[in-house]
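*Asks:* I have a structure I would like to understand better, so I am pasting it below and will then ask my questions one at a time.
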Amino acid sequence: MTGSRNLPIARATRAITFAGALVAIAGVPLAAQQAAVTKGWQGWIGCWATQSSASSPIALAGGPFVCVLPTSDANVVDVATVAEGKVIARQRIDASGKALPIDAKECTGTKLGHWSADGRRVFLRADAVCGGTSLTTTGILAMTPNGEWLDIQSNAAGGGSSLRVIRYADAGMPSSIPTEIASVLNAREVAVQGARVAAGAPIGTSAVIEATKLADSSVVAAWLLERQQPFRIDASQLVSLAESGVPAAVTDAMVAVSNPKVFAVARPSPEAARADDIAGRRIYLTLDRYDPFATRYGYGYDPYRSGYGYGYGYGYGLAPGYGYSGYYNSAPIIIVRGAAQTSSQTPGHMVKGRGFVPDQPTSPSPSSSRASTSTSSGSSSGNTGSSSTSQPASQGSTERTAKPRP
Amino acid sequence: MRSIIRRTRSARWSGLLAAALALAAAPPLAAQGGGDGYLFHQPSVRIGIRGGYALATAGSDIFDEATQNFTLDKSAFSSFTAGAELGFRVGARTELGADVGVSNAVRGSEYRHFVDNNDQPIQQRTSFARVPVTMNLRYYLSPPGRAIGKLAWIPSHFVPWVGGGAGVMWYRFRQEGDFFYTSNNRVYNSAVSSDGVSPAVQGMGGVDVSITPAISLTGDARYLWARAPMGGDFRGYQKIDLSGVSMTLGATIRL
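In the order they appear, the protein sequences are chains A and B.
Quick note on numbering: the first sequence equals residues -3 to 402 in this note's numbering.
Quick note on numbering: the second sequence equals residues 18 to 272 in this note's numbering.
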């Protein structure tokens, strides 16, 4: 759709990315990357896979992987996307807090990244003007308590915005990783594990307040909902948060994760969403469905889009070309649990002699969500710009079927 | 004469108002309205509350199918019940009353003959709620009390009674949880329900046992008949059988 319209732009974008990757590879000898890494980046060092690929041994064999590599600058890491034994893209993340120029075709602006006050998260921001349209991207790179990497980004332009969340799991050291990367990473395993635990440790309300000042509220809300860390908050603290300028979407997320008996977080099927809507159980935190990158660049056909890893966005070069798994334009949803409502429901009816008949028999079985409470990913919106892998709501668990009782 | 009647009606409405407002305060109020073992007047209003068990007949095909497919039996649709009534004396031994009851059977179950692909039960929950609202006539088989002069009324210790009435019954039959679709064997989480209102008739009998002049314990049994169309998410079923017998114990306050 949009992709086909913007095919030349997409190719140009990919070309820029490739060029950038080549420059980065050529310009930063890996040996030099053994330099000191700040305490904050330690947890990210290593190779990662999106949860969908991490759960697949077949996918793990050849990738794609996203490998975070140290550089000579303690605030900077290189992010290499590896597929089939080759580095196919390389991005650089600079968390020094310095505003850097955006160097991309038809776009001008600045980008910056910096550490949170506790040094456990990175906030990213890019402000650019592309073809007369102002674009603002904010994001958070954070660890979950389980040592998973959350990469959450919001793009805003023209009064609309979109949200993207990716959850990466440690991919270990697959054999297909190029030697020059493996040699950098091999010696760091112990330090990395400890750093991930530290980075994913519980956060307090001060961290939330800080995040709301540095990232879009949808990003912060998604971060909290993905972390699923309960807060001990009472009415007075909620008032205090509101008076500190914490947006309602964020306090909603805090309340939701802090009261798991009342609220669930999910991204179920459209049918279940409709049922919840009718029942008034669903509270949407999400945003307008407008994606400045997609409408502008389209991305077009991308041979890597269906599987390959990182596609790092955040306005860095404005070329998220290689796509990623995860979900796109699909913010977490808070479901108000009913008396017995612990999972999304499929509308259906009972027919005499036949039993249960779903209204949409071909829809994914939401019942499988009973077996998987992971909130790591959701369904792709099908946005041409970014989402590389469409994952059903039941991703992460096998579909539940019935069989005769043994 | 006319003014006397008007005062009498006024007194009755006052009694009704008092009854409606102050069930909890009734014992002390009643105590103030009587002497040792008697009341100062024959009660004109009776307020009763009761609790017990409602046995559902469960005689229609929806229950048959539920018990065949799921680990439920007919008793699963029976439950505790509670009710209240307000009666007005319309004769020496006769009362006209309004009565409301509620019962809600909730049972967990699983498919009898199927499990999921992990050999785990496919579970659901069935609830069957009934709320009858009826108007009834009650007839006391023995004098409910004895008047001594105009200022003393002594309640009988043991008074059997019978009654009957008609009204409406609201119901809701709901099943929620996991169900599988036979055409593709997928398990879906869903909720299906049917509710509605139907005419109802009931017959009843019981006994009042006075424990104070104003308060008696009441035991009763009643049979209520009602059938209502199945609608909502249920298709092709007969009218649902809402009938059943209930047995309750309660307390009655005379005002």
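Each residue gets a CB set at the ideal place from its N, CA and C atoms; glycine is no exception.
All values reported here derive from a predicted model rather than from experimental measurement.
Please name the residues in the segment 58 to 78 of chain B whose beta-carbon is closer than 9 Å to at least one beta-carbon of chain A, in chain order.
*Replies:* From the segment 58 to 78 of chain B, only ASP78 have a Cβ closer than 9 Å to chain A.
*Asks:* Using DSSP bridges, identify the partner residues of A:SER179.
*Replies:* None, per the DSSP bridge assignment.
*Asks:* Roughly how many angstroms separate the alpha carbons of A:ASP90 and A:GLY109, rounded to a whole number?
*Replies:* Spanning the two alpha carbons is a distance of roughly 6 Å.
*Asks:* Can you tell me which of B:ALA243, B:ARG110, B:ALA183 and B:PRO138 puts its alpha carbon nearest to the alpha carbon of B:LYS256?
*Replies:* B:LYS256 has its Cα closest to that of B:ALA243, out of B:ALA243, B:ARG110, B:ALA183 and B:PRO138.
*Asks:* Could I get the ranges of all uninterrupted alpha helix (DSSP H) runs contained in the segment 194 to 258 of chain A, with 4 residues as the minimum, in chain order?
*Replies:* Those alpha helix (DSSP H) runs which fall completely within the segment 194 to 258 of chain A and span 4+ residues are 201 to 210, 213 to 223, 231 to 239 and 244 to 254.
*Asks:* Measure the CB-CB distance between B:ALA183 and B:SER215 and report whether it falls below 8 Å.
*Replies:* No, Cβ-Cβ distance for B:ALA183 and B:SER215 is not below 8 Å.
*Asks:* Measuring alpha carbon to alpha carbon, tell me which of A:PHE61, A:ASP230, A:THR129 and A:LEU137 ends up nearest A:GLY168.
*Replies:* If we check each option's Cα against that of A:GLY168, A:PHE61 comes out closest.
*Asks:* What is the DSSP secondary structure of B:PHE80, counted as helix, strand or coil?
*Replies:* The answer is helix: DSSP assigns B:PHE80 an H, G or I state.
*Asks:* Assign A:ILE177 to buried or exposed, taking buried as 16 or more other Cβ atoms, counted over all protein chains shown, within 10 Å of its Cβ.
*Replies:* The residue is buried, with at least 16 neighbouring Cβ atoms inside 10 Å.
*Asks:* Could you confirm whether any beta carbon from chain B is found closer than 8 Å to the beta carbon of A:PHE352?
*Replies:* Yes, A:PHE352 lies at the interface with chain B (some Cβ there is under 8 Å from its Cβ).
*Asks:* Quick one: Cα of B:VAL132 to Cα of B:GLY248, how far?
*Replies:* B:VAL132 and B:GLY248: Cα-Cα distance of roughly 28 Å.
*Asks:* Short of 8 Å in beta carbon distance, which residues of its chain neighbour B:ASN134, apart from the five on each side in sequence? Order them along the chain.
*Replies:* Correct list: empty, nothing qualifies.
*Asks:* Restricting to runs no shorter than 3 residues, where is the beta strand (DSSP E) found entirely within the segment 183 to 225 of chain B?
*Replies:* Complete beta strand (DSSP E) runs here, min 3: none at all.
*Asks:* With a CB to CB cut of under 6 Å and the five nearest residues on each side skipped, what residues in its chain are close to B:PRO172?
*Replies:* Around B:PRO172: GLY162, SER227 and PRO230.
*Asks:* Anything in chain B within Cβ reach of A:LYS399, meaning under 8 Å, just list it in chain order.
*Replies:* Going along chain B in sequence order, the residues near A:LYS399 (Cβ under 8 Å) are PHE131, VAL132, ASP133, ASN134 and ASN202.
*Asks:* Let me know the secondary structure DSSP gives A:ARG401 once reduced to three states.
*Replies:* Correct three-state label for A:ARG401: coil.
*Asks:* Taking the alpha-carbon of A:ALA217 as reference, which of A:ARG192, A:ILE84, A:VAL193 and A:VAL251 has the nearest alpha-carbon?
*Replies:* Of the listed residues, the one whose Cα sits closest to A:ALA217 is A:VAL251.
*Asks:* Chain A partners of B:GLY223, CB-CB under 7 Å?
*Replies:* The premise fails here: B:GLY223 is roughly 34 Å from chain A at the closest Cβ pair, so nothing lies under 7 Å.
*Asks:* What residues are listed by DSSP as bridge partners for A:THR132?
*Replies:* DSSP lists A:ASP123 and A:ALA152 as partners of A:THR132.
*Asks:* Please state if the CB of A:THR397 and the CB of B:VAL209 are separated by a distance shorter than 8 Å.
*Replies:* No. Outside cutoff.
*Asks:* Between the segment 81 to 101 of chain A and chain B, which residues of the former have CB atoms less than 8 Å from a CB of the latter, in chain order?
*Replies:* Here the close residues number zero.
*Asks:* Should A:MET139 go down as buried or exposed, given a rule of 16 or more other Cβ atoms within 10 Å for buried?
*Replies:* The residue in question, A:MET139, is buried, as its Cβ has 16 or more Cβ neighbours within 10 Å.
*Asks:* Buried or exposed, going by whether 16 or more other CB atoms sit within 10 Å of the CB of A:PRO256?
*Replies:* Exposed is the call here.
*Asks:* The beta strand (DSSP E) spanning B:HIS58 covers which residue range?
*Replies:* Where B:HIS58 is concerned, there is no enclosing beta strand (DSSP E), given that its DSSP letter is neither H nor E.
*Asks:* How far does the beta strand (DSSP E) with A:HIS110 in it extend, from its first residue to its last?
*Replies:* Its beta strand (DSSP E) spans residues 103 to 111.
*Asks:* Run down chain B in chain order and give the residues with a C-beta less than 7 Å from the C-beta of A:VAL347.
*Replies:* Simply ARG252 and GLY253.
*Asks:* Name the residues in the segment 206 to 220 of chain B whose C-beta lies less than 7 Å from a C-beta of chain A; which are they?
*Replies:* Result list: ASN206, SER207, ALA208 and VAL209.
*Asks:* Helix, strand or coil for B:ASN86? Go by DSSP, reduced to three states.
*Replies:* Correct three-state label for B:ASN86: helix.
*Asks:* Could you tell me whether any Cβ in chain B is nearer than 8 Å to the Cβ of A:GLU222?
*Replies:* Judged by the 8 Å Cβ criterion, A:GLU222 is not in contact with chain B.
*Asks:* Please list the residues of the segment 80 to 94 of chain B that have a C-beta atom closer than 8 Å to any C-beta atom in chain A, keeping them in chain order.
*Replies:* Cβ contacts with chain A come from GLU82 and ASN86.
*Asks:* Tell me, please, which residues DSSP counts as bridged to B:TYR156.
*Replies:* Its beta-bridge partners are B:THR111 and B:VAL179.
*Asks:* Whether or not the segment 153 to 165 of chain A and the segment 224 to 232 of chain A are in contact is what I'm after, with contact meaning three or more pairs of Cβ atoms, one per stretch, closer than 8 Å; do they touch?
*Replies:* These segments do not touch.
*Asks:* I need the DSSP call for B:LYS91, collapsed to helix, strand or coil.
*Replies:* Here B:LYS91 sits in helix by DSSP.
*Asks:* Chain A beta carbons: is any one of them nearer than 8 Å to that of B:THR199?
*Replies:* Yes, contact with chain A.
*Asks:* Got a sec, what are the start and stop residues for the beta strand (DSSP E) A:PRO354 sits in?
*Replies:* First-last of the beta strand (DSSP E) with A:PRO354: 351 to 354.
*Asks:* So, does the CB of B:PHE175 fall closer than 8 Å to a CB anywhere in chain A?
*Replies:* No - not a single Cβ of chain A is within 8 Å of the one on B:PHE175.
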